[in-house]
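Residue numbers (my numbering): 16 to 146.
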């Protein structure tokens, strides 16, 4: 079984950064991560509980700093809005690459109305002593 490239391309991810439900290429097969556990007897390794597509869960011991190709790596990141620079919790798939533009709900409404300003806030919001 071989994996298909999804989206713009795959990104490498370290084994100790994996979480449940991530999909990665491991030993040439597309697998879903069921669990990631530290191993007390082997501090430089991580025990991965993997679920091959359509198969039974299995455990494998891999080096902690091993790089795998992430095919689906969903995360919830706090990114800044391009309109108001406020923090917006955004679901992102890290395997598809970086997210360039995030808009909060308030700015999204103003963009639809045509009143949004995508420039930095006025000088009254600039800290004293800065230009």
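All residues carry an ideal CB built from backbone N, CA and C; glycine is no exception.
The structure presented is a predicted model; accordingly, all values stated were derived computationally and were not measured.
Beta-carbon proximity check, residue i vs residue j, cutoff 8 Å
i, j, result
"residue 94", "residue 114", "yes"
"residue 83", "residue 28", "yes"
"residue 34", "residue 51", "yes"
"residue 103", "residue 117", "yes"
Residue i classed as buried or exposed, judged by whether at least 16 other C-beta atoms fall within 10 angstroms
i, result
"residue 38", "buried"
"residue 120", "exposed"
Residue i at chain C interface by Cβ criterion, 8 Å
i, result
"residue 86", "The displayed structure is made up of one protein chain only, and chain C is not part of it."
Rounded C-alpha distance that separates residue i from residue j
i, j, result
"residue 101", "residue 70", "44 Å"
"residue 73", "residue 66", "6 Å"
"residue 96", "residue 107", "14 Å"
"residue 78", "residue 30", "7 Å"
"residue 98", "residue 112", "22 Å"
"residue 61", "residue 122", "43 Å"
"residue 56", "residue 75", "15 Å"
"residue 54", "residue 125", "51 Å"
"residue 59", "residue 105", "32 Å"
"residue 109", "residue 32", "12 Å"
"residue 26", "residue 41", "14 Å"
Closest Cα partner of residue i within the set the options
i, options, result
"residue 46", "85, 76 and 60", "85"
"residue 43", "68, 49 and 110", "68"
Entirely enclosed alpha helix (DSSP H) segments - the region 56-139, minimum 4 residues:
Here the runs fully enclosed are 120-128.
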